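Down below is the structure, laid out as structure tokens.
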Amino acid sequence: MTKAPQGSAAPQQTAQRTVRPAVSTAVESAMRRALALAAQGPPHGPNPRVGCVLLDPDGRPVAEGFHRGAGTPHAEAAALAAARSRGVDPRGTTAVVTLEPCAHHGRTGPCADALVDAGVAAVHLAVSDPNPVAAGGAATLRAAGIEVTTGTLADEGEELLRHWLHAVRTGRPYVTLKLATSLDGRVAAADGTSRWITGPQARAHAHTVRAQVDAIAVGSGTALTDDPSLTARTIDGGLFEHQPLRVVLGRSAVPGDARLRGPGGPLLHLPEHDLAVVLGLLAEREVRHLLVEGGPTLATALLAADVVDELHAYVAPVLLGAGPTGVGDLGVTTIGAAARFTTHDVTRLGDDVLMVARRTQPVTNPQPAHARQNGRPSRPTKEEI
Ligand code: AOF
Ligand code: ZN
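So the sequence shown is numbered by full-length UniProt numbering: it starts at 1 and just counts up by one.
Have a look at this one:
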């Protein structure tokens with residue numbers, strides 16, 4: 001079923017009511033296709049993943065397109081170009097697009113103008129564009145007399161774009177914290193040995209996640225003791241095409257012969273200790289999705305600062321009984337103050353289990369972490385790493 005439009009403007013609702021049932025079903029399946037197309041775009045990079053399908057007046061798809069990464073044509077432009085290259089006149093078509101068409105001259109021209117110039121009759125979109133630079137496309141389209149319906153499969157659109165939307169809405173990257181632990185939450189045995197708690201399938205999975213993020217961070221202590229490479233590797237040990245930016249946080253220098261200086265993504269050492277500053281600096285570099293891989297000091301600081309958006313907990317059926325835990329003291333003294341997340345997904349990986357859990361309250365504004373209560377005690381204004 002088509003969702004009710006989420007925008008508040010009355011004209012949208014009028015537009016929605018006038019859609020014939022057969023066409024509204026066609027719009028919904030076109031939006032599903034547009035979402036699937038969008039998902040073919042790169043999950044990393046500064047730009048959103050967007051898909052677009054053009055429907056003829058009978059609701060039949062006549063062309064489609066998606067965005068292939070920063071600097072390449074936007075989804076709407078790609079769909080219009082696909083129509084023209086097939087000899088299809090886009091005049092009178094309905095554009096079904098996962099993100100509000102842009103209204104700005106950026107790396108490419110404004111899609112709202114391109115849709116107006118093409119004579120498109122109606123536009124259905126899933127998610128409004130929160131990017132202040134590019135927003136305003138729906139208003140441009142309406143001003144040109146085009147029927148605009150917002151909120152079509154909005155939840156699915158939000159899910160697909162969640163890293164990008166989060167970064168644009170809050171001004172800081174979406175933070176995924178990876179924990180690979182024993183069943184009793186430990187990351188090493190009492191003597192410090194830690195290879196390997198989780199098995200090969202869990203490790204391979206973690207590498208596919210690395211290949212999807214913009215940046216991957218560790219604390220400088222972990223960089224020194226573990227000498228990680230922080231590359232995204234395939235099962236046979238080769239490098240994925242996309243290598244995330246490698247970020248080391250904390251004062252200790254990265255040795256000249258560290259693996260972090262070997263083949264892989266660029267290295268960025270931030271001796272800065274204030275997490276709000278760190279996340280702001282990464283956002284300025286257009287990092288939308290940051291994966292944090294350790295160690296416990298950094299994990300604890302991020303959790304205490306309430307800036308972890310998603311947890312990837314790889315848990316092995318191993319008991320250690322002693323040794324360091326993946327997360328240290330969060331200042332939680334009573335169960336009601338626990339840092340609680342909501343389970344999104346659980347996957348078995350060989351002998352191990354991956355639990356993906358997300359922050360319970362979505363962050364919708366750039367309020368500093370310490371100002372949000374979220375059922376937890378108020379945190380200090382600065383969290384040190
Ligand atoms: C995309 N692809 O299909 C759509 C986008 O850097 P630019 O000039 O390409 O503009 C990027 C902005 O355009 C992006 O942040 C978003 O607000 C809007 N829409 N972007 O990369 C697309 N439709
Ligand atoms: Zn555009």
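Note that beta-carbon positions come from the ideal geometry of N, C-alpha and C, so glycine has one too.
Quick caveat: nothing in here was measured; it's all calculated off a predicted structure.
Segment limits, beta strand (DSSP E) that includes HIS105: According to the DSSP assignment, HIS105 belongs to no beta strand (DSSP E), since it is labelled neither H nor E.
GLU147 versus GLN212: straight-line alpha-carbon distance, rounded: GLU147 and GLN212: Cα-Cα distance of roughly 36 Å.
Residues of its chain near THR222, where Cβ-Cβ distance is below 6 Å and the 5 sequence neighbours each way are ignored: Only GLY294 and GLY295 meet the Cβ criterion.
How many angstroms separate the CA atom of LEU161 from the CA atom of ASP155? Going by the C-alpha atoms only, they are around 10 Å apart.
Which residues in the same chain have their Cβ closer than 6 Å to the Cβ of ARG91, if we skip the five residues on either side of it in sequence? Within the same chain, ARG91 has close Cβ partners GLY119.
Can you tell me whether ARG17 is helix, strand or coil according to DSSP? Legend: pLDDT at ARG17 = 44, less than 50; position of this residue unreliable, value from coordinates given subsequently. Here ARG17 sits in helix by DSSP.
Kindly indicate the opening and closing residues of the beta strand (DSSP E) around residue 390. With the chain running from 1 to 385 in the structure shown, residue 390 is simply not present.
Measuring only from the beta carbon, is CYS52 closer than 6 Å to any heavy atom that is part of the ligand ZN? Annotation for CYS52 indicates a beta carbon at 6 Å or more from all heavy atoms of the ligand ZN.
To the nearest angstrom, how far is it from the Cα of THR2 to the Cα of THR94? Any answer about THR2 is weak, because its pLDDT of 35 lies below 50 and its placement is not dependable; what the coordinates show is given next. Across the structure, THR2 and THR94 are spaced so that their CA atoms are roughly 16 Å apart.
On the criterion of 16 or more Cβ atoms from any shown chain inside 10 Å, does ARG359 qualify as buried, or is it exposed? Buried: at least 16 other Cβ atoms inside 10 Å.
Specify the secondary structure class of SER182 as computed by DSSP and reduced to three states. SER182: strand per DSSP, three-state reduction.
Can you check whether the CB of GLY51 is closer than 7 Å to the CB of LEU37? A contact, by the Cβ cut-off of 7 Å.
According to DSSP, simplified to helix, strand and coil, what is ARG49? In this structure, ARG49 counts as coil in the three-state DSSP scheme.
HIS74: CB within 6 Å of a non-hydrogen atom of the ligand GDP: Among the ligands modelled here, namely the ligand AOF and the ligand ZN, the ligand GDP does not occur.
Grab me the residues of ASN131's own chain with a C-beta within less than 7 Å of its C-beta, minus the 5 sequence neighbours each way, in chain order. When the five nearest sequence neighbours on each side are left out, the beta carbons in the same chain lying within less than 7 Å of the beta carbon of ASN131 are those of VAL168, in order along the chain.
Whole angstroms is fine: what's the gap from TYR314's alpha carbon to LYS178's? If I take the Cα positions, the gap works out to 8 Å.
Given 6 Å as the limit, tell me if ARG107 has its C-beta closer than that to any heavy atom belonging to the ligand AOF. Yes, the ligand AOF has a heavy atom inside 6 Å of this Cβ.
So, at 8 Å on beta carbons, what are the nonlocal neighbours of ASP300 in its own chain, with the 5 sequence-adjacent residues on each side left out? Checking the displayed sequence, the identity of residue 300 turns out to be Thr instead of Asp. Counting only Cβ-Cβ distances below 8 Å, and skipping sequence neighbours, we find VAL327, GLY328, ASP329 and LEU330.
Among residues of its own chain, excluding the 5 on either side of THR317, which ones have a beta-carbon nearer than 7 Å to its beta-carbon? Position check: residue 317 holds Pro in this sequence, whereas Thr was assumed. LEU183 and ASP351.
SER85, buried or exposed, once every other Cβ within 10 Å from all chains shown has been counted against 16: So SER85 ends up on the exposed side.
Using a Cβ-based criterion (distance less than 6 Å to any ligand heavy atom), does VAL30 qualify as near the ligand AOF? According to the sequence as given, residue 30 is Ala; it is not Val. Between the ligand AOF and the CB of ALA30, the shortest heavy atom gap is not smaller than 6 Å.
Every unbroken beta strand (DSSP E) within the stretch 200-288, with a cutoff of 3 residues, ordered by chain: You should have 215-219, 245-249 and 267-270.
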